[in-house]
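K.L.:
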Amino acid sequence: MRHAINKLWVTAVFIATTMLAVAAPPNMPRYRFVNYTIANGLPDNHVYCVLVDGNRVWAGTDNGLGLYENGKWKTYNTKDGLAHQAVLSLSLDKRTGDVWAGTMGGLSRISGGRIDTFTQLNSGLSNNVVYGVSVEGENVWVATAAGACRLNLSTVQWTLYNERNTPMEEIWVYGVSAAPDKVYFAVWGSGLMEYTQKTGNWDKYEDPDRETEMVLFKNQGLIHNVVSSVSYVDKIVWASTYFGDSRYDGRYWQNFLTKDSGLPSNFTNYVKSVDANHAWFCTDKGLAYYDGANWAVYTPSLVTGEPQMTVRNATGNVTAVPVTTAPANNYILGIDLQGGDIWVATAGGLSHGILQR
Amino acid sequence: MRRVKRSNRVQACLPVCLFAFGVVLLCLELSTAGAVRAAATGRTGEHLVYASPLELLFSPDGARLYVLCSQSDEVRVLDGVTYAVIKNIPVGHQPRGFSLSPDATRLFVANSWDDTLSVIDTRALNVAATWPVGAEPSSVVEDRQGRRLFVANRISNDIAVLNAQTGAREKQLVAGRGASYITPSPDRSRLYVTHIYPNATPHRTSPESEISVVDAARAEMVDRIPLRGIAGVFHVATSADGRLGVVAALHPKNLVPLTAVEHGAAMQDTLTLFGPRVGNKPVEVPLDELDRYAARPFGVAITPDNSRIYVTSGGSELVVAIDLPRLLHYVQTHGGPAYDLSASSNYVVTRIPVGHDPRGVALSPNGRRLVVANRLDDTISVIDTRTDRLVSTVALAGPKEVSVLRHGEQTFYTARQSFHGGIGCANCHIDSTFDGLQWDLEPDGLGRDILDNRTLEDIKDTAPYKWNGGNPDLPTECGPRTEKYFWRSENYDDLTLTDLVAYVRSLPARPNRSHLPGYELTPDQARGKVIFNRTADNFGKPIPEASRCSYCHSGDLGTNKRSFDVGTKKATDDSGLFDTPQLTDIALTAPYLHDGSAATLEEIWTIYNPHDRHGRTNDLTKDQLNDLIEYLRSR
Numbered sequence: 135m136r137h138a139i140n141k142l143w144v145t146a147v148f149i150a151t152t153m154l155a156v157a158a159p160p161n162m163p164r165y166r167f168v169n170y171t172i173a174n175g176l177p178d179n180h181v182y183c184v185l186v187d188g189n190r191v192w193a194g195t196d197n198g199l200g201l202y203e204n205g206k207w208k209t210y211n212t213k214d215g216l217a218h219q220a221v222l223s224l225s226l227d228k229r230t231g232d233v234w235a236g237t238m239g240g241l242s243r244i245s246g247g248r249i250d251t252f253t254q255l256n257s258g259l260s261n262n263v264v265y266g267v268s269v270e271g272e273n274v275w276v277a278t279a280a281g282a283c284r285l286n287l288s289t290v291q292w293t294l295y296n297e298r299n300t301p302m303e304e305i306w307v308y309g310v311s312a313a314p315d316k317v318y319f320a321v322w323g324s325g326l327m328e329y330t331q332k333t334g335n336w337d338k339y340e341d342p343d344r345e346t347e348m349v350l351f352k353n354q355g356l357i358h359n360v361v362s363s364v365s366y367v368d369k370i371v372w373a374s375t376y377f378g379d380s381r382y383d384g385r386y387w388q389n390f391l392t393k394d395s396g397l398p399s400n401f402t403n404y405v406k407s408v409d410a411n412h413a414w415f416c417t418d419k420g421l422a423y424y425d426g427a428n429w430a431v432y433t434p435s436l437v438t439g440e441p442q443m444t445v446r447n448a449t450g451n452v453t454a455v456p457v458t459t460a461p462a463n464n465y466i467l468g469i470d471l472q473g474g475d476i477w478v479a480t481a482g483g484l485s486h487g488i489l490q491r
Numbered sequence: 022m023r024r025v026k027r028s029n030r031v032q033a034c035l036p037v038c039l040f041a042f043g044v045v046l047l048c049l050e051l052s053t054a055g056a057v058r059a060a061a062t063g064r065t066g067e068h069l070v071y072a073s074p075l076e077l078l079f080s081p082d083g084a085r086l087y088v089l090c091s092q093s094d095e096v097r098v099l100d101g102v103t104y105a106v107i108k109n110i111p112v113g114h115q116p117r118g119f120s121l122s123p124d125a126t127r128l129f130v131a132n133s134w135d136d137t138l139s140v141i142d143t144r145a146l147n148v149a150a151t152w153p154v155g156a157e158p159s160s161v162v163e164d165r166q167g168r169r170l171f172v173a174n175r176i177s178n179d180i181a182v183l184n185a186q187t188g189a190r191e192k193q194l195v196a197g198r199g200a201s202y203i204t205p206s207p208d209r210s211r212l213y214v215t216h217i218y219p220n221a222t223p224h225r226t227s228p229e230s231e232i233s234v235v236d237a238a239r240a241e242m243v244d245r246i247p248l249r250g251i252a253g254v255f256h257v258a259t260s261a262d263g264r265l266g267v268v269a270a271l272h273p274k275n276l277v278p279l280t281a282v283e284h285g286a287a288m289q290d291t292l293t294l295f296g297p298r299v300g301n302k303p304v305e306v307p308l309d310e311l312d313r314y315a316a317r318p319f320g321v322a323i324t325p326d327n328s329r330i331y332v333t334s335g336g337s338e339l340v341v342a343i344d345l346p347r348l349l350h351y352v353q354t355h356g357g358p359a360y361d362l363s364a365s366s367n368y369v370v371t372r373i374p375v376g377h378d379p380r381g382v383a384l385s386p387n388g389r390r391l392v393v394a395n396r397l398d399d400t401i402s403v404i405d406t407r408t409d410r411l412v413s414t415v416a417l418a419g420p421k422e423v424s425v426l427r428h429g430e431q432t433f434y435t436a437r438q439s440f441h442g443g444i445g446c447a448n449c450h451i452d453s454t455f456d457g458l459q460w461d462l463e464p465d466g467l468g469r470d471i472l473d474n475r476t477l478e479d480i481k482d483t484a485p486y487k488w489n490g491g492n493p494d495l496p497t498e499c500g501p502r503t504e505k506y507f508w509r510s511e512n513y514d515d516l517t518l519t520d521l522v523a524y525v526r527s528l529p530a531r532p533n534r535s536h537l538p539g540y541e542l543t544p545d546q547a548r549g550k551v552i553f554n555r556t557a558d559n560f561g562k563p564i565p566e567a568s569r570c571s572y573c574h575s576g577d578l579g580t581n582k583r584s585f586d587v588g589t590k591k592a593t594d595d596s597g598l599f600d601t602p603q604l605t606d607i608a609l610t611a612p613y614l615h616d617g618s619a620a621t622l623e624e625i626w627t628i629y630n631p632h633d634r635h636g637r638t639n640d641l642t643k644d645q646l647n648d649l650i651e652y653l654r655s656r
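So the protein sequences, as listed, match chains A and B.
Just so you know, we're using the working numbering here: the first sequence kicks off at 135 and counts up by one.
Just so you know, we're using the working numbering here: the second sequence kicks off at 22 and counts up by one.
Right, here's the structure in full:
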């Protein structure tokens, strides 16, 4: 009898523990968002990209490049030498502290306050519409509307990559992520391009079913050929597309869709990986964070506009987490990390997510 | 120049005078004619190797004086008191800058023409290591901790950051165009870097330069102090407390027609003050007076007690002594407009004549002596800073004879030939190259025929000269034309002009850094060469001979020495016919076209060749244009 009671007691404890475990959402990061708009000094509310450089934060907007430093905004525009007012991409040269800005009118380097601009007319830059830029070592890798290119800072030589010397079929290059071993390019309509630095060889990753509106072969290759951005960290490549997202470890593909992940939308503008298992996804329906098993989504409600945070655990259970702040807009375009904090570029302002301990 | 000639004449006459006292007056009279010729004709045409001291350094204890000898490729080590030679140490080719490590155990030498650093062990007094660096290293400074070296590279316009123990390059920082001189703050936490060519600005706008400020601990560029209207920036000096910086620079007047040279109408010689002592904004003050110029200021020193600033004037062959407290008072009360030629009388104490082309200066550790490197005399002037007087002149070992080339170089670098001694050849041809500016010269009419200044390197076989090809030879270019429109003063005598021309003809092209070892072409350059020489366009259509790159830019120098209309005539130009420029080191001499309207090589074809008159290029893909540029960079 005692044995039966003990067994019942253990079973009850197990069930209660399990229920508690199911009920409690995973411990995903929570933020208090402070939003910046033109009302408090941001050059423009439409923020394409954001870059953190220590205590300084750069915001590429539709009307200039903003620098947030010591609690104040400073704006760089064409009168300061910026290639174009619309700044689409940013990259930091960690060796020198120089910031590279890809714009709608060329590529600009901001160095010690001086701006030098490279365009398709005054330099070897392949095209003035610079969607992506990534500095690695002595090379500046550039994604443009007419192919990719590389500026060697030591020799000041430009090398162009396009349909003539790579497997690129389309040359609308939306993003680039460079590391010492590989450089990846997100090509709109042509999948993911991989450049091996040591050999100079190119490889190409495409959607195996090549369907634009269906996914027939999930986890057998890139989710879609319309790739909007790429992030390569710890030898893992993450790609965002307008039809879902992908992770590739060199052997296996793992794809993410709204129907079977915590993604709030398949339409993903930008992906930034933290390491091999953690990544941020910037979608048209909010900002998503993936920790390798669980998902968190941060956004103002698409219906009411009220701040909203949801957590989806590994088994698919979704829990709403009460929050009082959210990113400035649900249309997320970019993100960068500042220690535990995040800075989020949205179509309605720049948001500083302050990690809540 | 006239003063020096007279000195030579007196020397030539001296035996005669000693021999016959009664004919002194007659002798001096003769010296104005025959004796000059005798001295000139006596010059050797040999290529003599002079020391050509460029920079000086005292050891911290004052026991040694290091002399950087730019032509003999040495560092000469002298006793710091007696100036007796201790040792001559061979270094690399054309050393341009040097500095001691903070503990003074190592002396770093930037060898500008072979792109190396010589590391001298100051105890053993020999070269302990030679490290490759960037393109045309011109100065070098080690950080306080001895971790990093910072090297200003003139051609690559950057500051190379090296591991101070191994010489391994970590990175390069973007500096101003023609980065050349680095001065550390007293605690070496900041490095101030200057550059000799102006940064790129829109066509026909005021030139702009900068003092690039490097955070030495982070090895990052943290600020750029703007120098508006300035083109040609040389040495910086900082006060002992680090609260004041002073930089010597040229302030050209290239946006207005060059109708006169008096009253500083062509160029002004200035100092710019920066740092907490003068507030947040740099202040530019003139060194010139109405008829007393300080042409081409170069070296600067501030005494430890902040009482004096000394500035060398290469063109005027003197040292300007400035009362620093009075200068600061003037700046605080007047602001300091650079164009006010009455200003310098408020703070210039005296002008001390020294030798030919004085360049670098150094103060003894106690600040009592200022030594000056007279580059084209092979002498060192020693000035007592308590009296501001020249107390001795130390002759360096080497040829005593002034060769034709040496005399030509002295003529090139002096400003004494021009009216009031305001400018010389080297004002616009900095270090015998160019200045990156466009000028409006008078003979074509005011506001007409704006012309880009061309480099002098390797021009001896590129006649005719001028953009309109109007000067058939260098004697015409350097003689009547220069005398009339630049010097506006007396003519050169024939032999001086001959020597000047001989010097200009002797200027070689600097090493081309785009070449692979063995002068092979890279794949890009090879493809570009094919485009350069092609006879049919991308559509298979034959290109007329005159529309091929290789037709006008033929031969080793890249010019057929004829004039063509390539469709670049502007509304202000009288003619569209322009001399075909040589391609030697063309990548270094931006901007391009006769008026400097093309900021880069690319713009020659992307903007200024809409109708294929400057060669058939509009069929080229961007890849092909890039290849063509790469080939041109290898020329």
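Yeah, the Cβ is synthetic: ideal placement off N, Cα and C, and Gly gets one too.
A quick note: this is a predicted structure, and the numbers were derived from the prediction, not measured.
1. Below 8 Å on the Cβ atoms is my contact criterion, and I expect S160/B with S201/B to pass it. Report the Cβ-Cβ distance as a whole number of Å.
2. Can at least three beta-carbon pairs, one atom from the region 377-392 of chain A and one from the region 348-358 of chain A, be found at a separation below 8 Å?
3. What's the call for V412/B, buried or exposed, on a 16-neighbour Cβ count within 10 Å?
4. Are the C-beta of W292/A and some C-beta of chain B separated by less than 8 Å?
5. Have a look at R548/B and N554/B and give me their C-alpha separation to the nearest angstrom.
6. Terminal residues of the continuous beta strand (DSSP E) containing V98/B?
7. Check distances from the C-beta atoms of the region 244-256 of chain A to those of chain B and list, in chain order, the residues that come in under 8 Å.
8. Which whole-angstrom value describes the C-beta separation of I232/B and V267/B, a residue pair presumed to lie in contact below a C-beta threshold of 8 Å?
9. Under the three-state reduction of DSSP, which class applies to I323/B: helix, strand or coil?
10. Please name the residue in A196/B, V403/B, L294/B, P379/B whose C-alpha comes closest to that of Q353/B.
11. Considering only their Cβ atoms, is the gap separating G483/A from L494/A smaller than 8 Å?
12. Are at least three pairs of beta-carbons, each pair with one atom in the region 510-523 of chain B and one in the region 449-468 of chain B, less than 8 Å apart?
13. Which of the three DSSP states, helix, strand or coil, is assigned to E304/A?
14. Against chain A, does I471/B count as a neighbour if the rule is that its beta carbon must be under 8 Å from one of theirs?
15. In this structure, how does DSSP classify W192/A when only helix, strand and coil are distinguished?
16. Does the beta carbon of V333/A sit closer than 8 Å to a beta carbon anywhere in chain B?
17. Given a cut-off of 8 Å, decide if I323/B and T371/B are closer than it, judged by their beta-carbon atoms.
18. Going by alpha carbons, who is nearest to V234/B out of P247/B, N220/B, V214/B?
19. Would the region 332-339 of chain B count as touching the region 379-397 of chain B if we require 3 or more Cβ pairs under 8 Å?
20. Secondary structure at Q431/B, three-state DSSP: helix, strand or coil?
21. List, in chain order, every chain B residue whose beta-carbon is nearer than 9 Å to that of D232/A.
22. Closer than 7 Å by C-beta to R654/B: which residues in its own chain qualify, once you throw out the five before and the five after it? Chain order, please.
23. For a test of the three-state rule: what should DSSP assign to H450/B, helix, strand or coil?
24. From which residue to which residue does the beta strand (DSSP E) around V162/B run?
25. What in chain A is Cβ-close to D494/B, meaning under 7 Å?
26. For the beta strand (DSSP E) holding V340/B, just list the boundary residues, first then last.
27. Of all the CB atoms in chain A, is at least one closer than 8 Å to the CB of N647/B?
28. Under 8 Å, Cβ to Cβ, is there at least one residue of chain A near S201/B?
29. Using the C-alpha atoms, what's the distance from R427/B back to Y524/B?
30. Would E624/B pass as an interface residue toward chain A - the criterion being a Cβ-Cβ separation below 8 Å?
31. Determine, for R410/B, whether the minimum Cβ-Cβ distance to residues of chain A falls below 8 Å.
32. Going along the chain, which unbroken runs of the beta strand (DSSP E) with 3 or more residues stay wholly within the region 594-624 of chain B?
33. Could you give the DSSP three-state label for S334/B: helix, strand or coil?
34. Just to confirm before moving on: does the CB-CB distance between L345/B and I330/B stay below 8 Å?
35. For the region 583-593 of chain B and the region 418-436 of chain B, state whether three or more C-beta atom pairs, one from each stretch, are separated by less than 8 Å.
36. CB K643/B to CB S260/A, shorter than 8 Å?
P.N.:
Let me lay it out:
1. 6 Å
2. yes
3. exposed
4. yes
5. 10 Å
6. 95-100
7. S245, G246, G247, R248, D250, Q254, L255, N256
8. Their Cβ separation, rounded to whole angstroms, is 11 Å, which puts I232/B and V267/B out of contact at 8 Å.
9. strand
10. L294/B
11. Chain A is shown only over 135 to 491; residue 494/A falls outside these bounds and no answer can be derived.
12. no
13. coil
14. no
15. strand
16. Residue identity differs from the one stated: residue 333/A is Thr in this sequence, not Val. Not one chain B Cβ lies under 8 Å of T333/A.
17. no
18. V214/B
19. yes
20. helix
21. L194, V195, E241, M242
22. S535, A608
23. coil
24. 158-163
25. Simply none; closest approach about 36 Å.
26. 339-344
27. yes
28. no
29. 8 Å
30. yes
31. no
32. 598-600
33. strand
34. yes
35. no
36. yes
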